[in-house]
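Notes for the one structure printed next.
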DNA sequence: CGCCAGGCAACGG
DNA sequence: CCGTTGCCTGGC
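In the numbering used here, the protein residues as written are 15 to 322.
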C-alpha cells in the first residue's frame, strides 16, 4: 500500500504540517505520522538533501502510506488536486501575496476529517498550540483505538458516538477544562439533530456556517476554521488575533472602508465586526481567500519567531 | 504568586 | 450593538 509519487511540484509536506493547521502529526526520523480520524497517515521522505528540498522545490521521492488503507490519501489530504497555478495567479494580484507565494513555495491548505477538525478548533479557544496538542492527544488516548505501526503506539481520533457517550468528567480528565461542555454539545448536536458534518461539504459557505454556529461553543472563528480545513470552503477566511493584527498592518485600507467608525476600536473583535471584516477581506481575496489566510498566517507567525 | 494564550457566551447598558 | 467578564490549564 505504498504509493510513490514523483513531484516537481509546489508541495512541501513538512512546511505544510508545521503551519499550525493540524495538531496530531509527529516527526520521527525522515518520516511523519499523522492521525486522520481512524487512520494513521505516514510520509517518508527519501531525499538525502532533506534539509534542502525546499530550496530546490523538487522532491525526488516521497512514500505515502496509510493504515488502515486509505487509497490516494495524499492527493486528498494535501489537496494535490488543487490547481495551484490558477490559485497563485489569482492571489498574485495582491502584492504581499505575490511575495509570500514565492517565499513559502510549497505551503498548502490541508483537508482534515470534519469531526476531528471541529473538536480540534473547539479546543483552540483561549489557549496555545502545545496545549491543543496535549488535549487532543489525551482525548485520543482515552477514547480512540490503539494501533501499532513501525513499533510505535498510536491512538485514532475518537468517534462521535464514543465522545457522545462519555461524561463531562471523563472528557474533562483530558485537560480540556471548560471546553468539555463545547465538545459534548458538538457530539450532541451531531447525534441528536442528526445532521451529518460531511454533508456540509455540499452546502454553500453561508448555509454551512449558519449550521455550525448553532452549536454551543462554536463562533465565527472556529466555524471558519472547520469550513476551510474540512468542508471544502476555500473561500473561508478564519480571523484570529494574529490574522487580525496582520490585517491591521497590511490590509488596513481594505478593512477600513467597510467600517462606519474610524477609530481603532475594530481591533477588538465583536461578532458584528468579525462579519464586516470577514466580508471585506473575502471580497478582496475572492474564492481562494483560505489560501491567502494560510500564507499570511505562516508569514506573521514566522516573523514573530514563535514556537509552534 | 500573577499573567498569558489561535474564543466564546452571558450579561448589563 | 457595544464593552466587560469569567473560563480550565500549563508555562513562564
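Even glycine gets a Cβ: it sits at the ideal position worked out from N, Cα and C.
Check                                                                                                                  : Outcome
Given residue 189 as reference, the closest of 210, 214, 153 and 211 once Cα atoms are compared                        : 153
Close-in-space but distant-in-sequence residues of the same chain around residue 65 (CB under 6 Å, 5 per side omitted) : With a pLDDT of only 48 at residue 65, under 50, the local geometry of the prediction cannot be trusted, and the value read off the model is given with reservation. Once the five neighbours on either side are set aside, residue 65 has no close Cβ partner at all.
Candidates 101, 124, 103 and 50: closest to residue 28 by CA position                                                  : 124
Beta-carbon proximity check, residue 54 vs residue 161, cutoff 8 Å                                                     : yes
Status (buried if at least 16 other CB within 10 Å, exposed otherwise) for residue 86                                  : exposed
DSSP beta-bridge partners of residue 57                                                                                : 46 and 78
Cβ neighbours of residue 37 in the same chain (closer than 8 Å, five flanking residues each side left out)             : 134, 143, 146, 147 and 150
N- and C-terminal bounds of the alpha helix (DSSP H) containing residue 289                                            : 285 to 299
Sheet register partners of residue 39 (DSSP bridge)                                                                    : 48
Residue span of the beta strand (DSSP E) that contains residue 163, given as start and end                             : 160 to 163
contact_flag[the region 205 to 225, the region 111 to 123] where n(CB pairs < 8 Å) is 3 or more                        : no
Contiguous alpha helix (DSSP H) assignments of at least 4 residues, all confined to the region 199 to 260              : 219 to 227 and 234 to 244
Residue 300 beta carbon less than 8 Å from that of residue 242                                                         : no
At least three beta-carbon pairs within less than 8 Å, the region 280 to 292 to the region 253 to 269                  : yes
Own chain, CB closer than 8 Å to residue 25, minus 5 neighbours either side, in chain order                            : 73, 92, 94, 120 and 122
Range covered by the alpha helix (DSSP H) that runs through residue 129                                                : 128 to 136
Pairwise C-alpha distance: residue 247 and residue 99                                                                  : 19 Å
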